[in-house]
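Worksheet for the structure shown next.
Chains as they are written, first to last, in our numbering: chain Y, 1 to 570; chain R, 1001 to 1189.
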């Protein structure tokens, strides 16, 4: 993975010093909270219900064992013994003291980490495929472009105060694992006939109050000119994006208002003037970065079949091990290797995406032992050991079980994406975590979950959609109605190449109704599916009506006001 | 209310405090109260007028003789509001190069970044060589960003500590993207 040179290290060290001074001025009262707010947000520091929350960047999801140990140390020394991995490849600490944040950032800087631009109205942490560089279906390793653009966007002065936050996702695989179309800018990498790296640019995607899939606005952009093209794009947004209404300030609203063609035309007009400038990347810059993304020292191994792998397990454990292989182990580019997903979604015990200090340290050790000391964070809030020898899978499974990160539920109903919700977040209208817990408890039967197969269930505590409910096959959204917590259900959302925004099925439910509602929806699927049909395929075939009728079968309370308001909004 | 001092930070120089010679006129009181109210008491007769006011009084068919005369003496500059689309009025701005010693871009609130792009366009597109000044809700924690996009003068909000302000420009010795002041560190090495 990428290693800082003197420039990178100096920059993060000086950023820590800058923030230390800003915090000192806040504490001594010369900097007002209103004016400190954007400064702390641009360093990932939120003020939440109980304390400050610090969001640390894990650029494009890559993490070393050493870095994970530092995250554990921060959780232990400055927080309450755990961290929360997010859908955008960050980690959050929920119990932070303001005066300690400069010291935390200094600890992070020692292991080439930071919290720069993990919040605020600026270019956020760039996300990518958690399986970059190893995925069997990859045609371009996106990591060099990710790192080049991470550096280009870091402390970019012109785009430090955009109308609203701005998120990039970058994909280079056949299957999209980045939710590309739900980003302000999605960069799809490919090669042209001459074998040169080029990019298609999608703009104006997003979730939140107005979920929209991004539009293709430019094809075949050579990698070298990405800085000038993106400057042009961001400049149009910075100048003309709405600033009068927080809820209409994202680029998706501008692209929608102008139309994708007109937006693309304006970007092109701006780009014409700067496309040949020296903002563009040079081959030397590529080489500086790309040399860090070479293949690790793989051994010459022969590929093992699943039968061969399972045969290594004791007789009594074979079926459990086989399940884990089926759900949590993914194919690799190199013969004899596999990628392993460690589930941070135990049933009903902790929040989705949470890891304790002990788990973080143990997982760091596992990565040293089995995967060249590297890890990845997935959009689904799990961790990946990307380069595991197939012959070591059994050992790793047994070690992972000790840490309670071996539940074979990846991609299943209980692999729930959830934001921290109203338990922590001051933006939330409703709690997310108790809903996730209740659903996991209701569906705590692996045989049944396996039978159901691939289903995504995503929960957001408010319309900001941090839990990505819009793209869950089943989405749960917390809404506030006269001070009470209600939950709205969407169906038919999907991430990946067939990305879709879920449809609201109707009036909201009380929290205690949700497990029954989900059960009724699932039962409808089970009744209606054909042989191997997945939930989303069944939904697309038979439509929303049978699911909707089932969902409201036992509904005891309805709220028409919420229904009307939400119908108007959607 | 105007500041007695501004921070001036030339492209190839050091940041320092200098006396403020320009007052910013908001364009109000135009009707029936002719624009002719420089602050003579303080010797301040250089005025930044709103760009939209210049357009309607001093360009095309509209030629306010008094103002043109003062402009010819180097006493008039313009300031751009955040919703002035400077690219739409390129001809006026090109002509202004010979007239305005100073132009300014306004920050209605410190977190409104539109004037960053205005300054960047003035430098990149118009090759603006004279002073570009930041006015309005200009705070010390936005100075560095402003200096990098193209501003070389800052009239800060009156409550800001100018001494702390002067320290902002040397916080970083490296950068990872080009700016008006220099290329990214990697290309300069």
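Even glycine gets a Cβ: it sits at the ideal position worked out from N, Cα and C.
| Check | Outcome |
| --- | --- |
| Is it true that the segment 279-296 of chain Y meets the segment 218-235 of chain Y, where meeting means three or more beta-carbon pairs spaced less than 8 Å apart? | yes |
| Just curious, the alpha helix (DSSP H) that residue 1117 of chain R is in, first and last residue? | 1114-1124 |
| Any beta carbon of chain R sitting closer than 8 Å to that of residue 565 of chain Y? | Residue placement at residue 565 of chain Y is flagged as unreliable, the pLDDT there being 49, under the threshold of 50; the coordinate-derived value follows with that caveat. Taking Cβ atoms only, chain R never reaches closer than 8 Å to residue 565 of chain Y, which makes this a no. |
| Please report the straight-line C-alpha distance between residue 69 of chain Y and residue 456 of chain Y, rounded to a whole angstrom. | 30 Å |
| What residues from chain Y crowd round residue 1111 of chain R, counting only those whose CB sits closer than 8 Å? | 38, 121, 161 |
| Between residue 11 of chain Y and chain R, is any beta-carbon pair separated by less than 8 Å? | yes |
| In whole angstroms, what separates the C-alpha of residue 375 of chain Y from that of residue 107 of chain Y? | 20 Å |
| Out of curiosity, what's the CA-to-CA distance linking residue 339 of chain Y and residue 131 of chain Y? | 8 Å |
| If you measure beta-carbon to beta-carbon, which residues of the segment 67-101 of chain Y are closer than 7 Å to chain R? | none |
| Can we say the segment 150-161 of chain Y touches the segment 350-366 of chain Y, given the rule of at least three CB pairs closer than 8 Å? | no |
| For residue 1161 of chain R, decide whether its Cβ has a neighbour in chain Y, counting only Cβ atoms nearer than 8 Å. | yes |
| Under DSSP, the alpha helix (DSSP H) around residue 34 of chain Y begins and ends at which residues? | 33-41 |
| Please classify residue 295 of chain Y as buried or exposed, where buried requires at least 16 other C-beta atoms within 10 Å of its C-beta. | exposed |
| Taking only beta-carbon atoms, is residue 1120 of chain R less than 8 Å away from chain Y? | yes |
| Identify, in the order they occur along the chain, each residue of the same chain with its Cβ nearer than 7 Å to the Cβ of residue 1059 of chain R, setting aside the five sequence neighbours on each side. | 1092 |
| Helix, strand or coil: which one does DSSP assign to residue 238 of chain Y? | helix |
| Does the Cβ of residue 38 of chain Y have 16 or more other Cβ atoms within 10 Å, making it buried, or fewer, making it exposed? | buried |
| In terms of alpha-carbon separation, which member of Y:412, Y:426, Y:510 lies closest to residue 474 of chain Y? | Y:412 |
| Mark residue 239 of chain Y as exposed unless 16 or more other C-beta atoms lie within 10 angstroms of its C-beta, in which case mark it buried. | buried |
| Should residue 1004 of chain R be flagged as near chain Y, meaning a C-beta pair shorter than 8 Å? | no |
| Please compile the residues from chain R whose C-beta is within a distance smaller than 7 Å of the C-beta of residue 22 of chain Y. | 1141 |
| Please give the ranges of any beta strand (DSSP E) in the segment 26-101 of chain Y, keeping only runs that are unbroken, at least 3 residues long and fully inside the region. | 45-47, 52-57, 62-64, 82-85, 90-96 |
| Can you give the Cα-Cα distance for residue 79 of chain Y and residue 93 of chain Y, rounded to whole angstroms? | 7 Å |
| According to DSSP, simplified to helix, strand and coil, what is residue 1035 of chain R? | In this prediction, residue 1035 of chain R has a pLDDT of 49, which is less than 50 and means its spatial position is unreliable; what the coordinates show is noted afterwards. In the structure shown, residue 1035 of chain R sits in coil (DSSP, three-state: anything other than H, G, I, E or B). |
| Closer than 7 Å: is that where the CB of residue 1061 of chain R sits relative to any heavy atom of the ligand FAD? | Only the bare structure without any ligand can be found here, which leaves the ligand FAD out of the picture. |
| In the segment 257-302 of chain Y, which residue ranges form an unbroken alpha helix (DSSP H) of at least 4 residues, counting only runs that do not cross its ends? | 260-274, 283-290 |
| Residues of chain R with CB under 7 Å from residue 239 of chain Y, in chain order? | 1114, 1117 |
| Look up residue 459 of chain Y in the DSSP assignment and give the residues it is bridged to. | Y:418, Y:476 |
| Between the segment 149-173 of chain Y and chain R, which residues of the former have a C-beta closer than 9 Å to a C-beta of the latter? | 150, 151, 152, 153, 154, 155, 156, 157, 158, 159, 160, 161, 162, 163 |
| May I ask you to verify whether the segment 459-466 of chain Y touches the segment 427-444 of chain Y, counting CB pairs closer than 8 Å and requiring at least 3? | yes |
| Whether or not the segment 430-449 of chain Y and the segment 180-187 of chain Y are in contact is what I'm after, with contact meaning three or more pairs of Cβ atoms, one per stretch, closer than 8 Å; do they touch? | no |
| Report the residues of the segment 1076-1109 of chain R with a CB closer than 7 Å to any CB of chain Y, ordered along the chain. | none |
| Using 8 Å as the threshold, is the C-beta distance between residue 482 of chain Y and residue 534 of chain Y below it? | no |
| 8 Å is my cut-off, CB to CB: does residue 114 of chain Y come that close to chain R? | no |
| Would you call residue 250 of chain Y buried or exposed, if buried means 16 or more other Cβ atoms sit within 10 Å of its Cβ? | buried |
| Which of helix, strand or coil does DSSP assign to residue 112 of chain Y? | coil |
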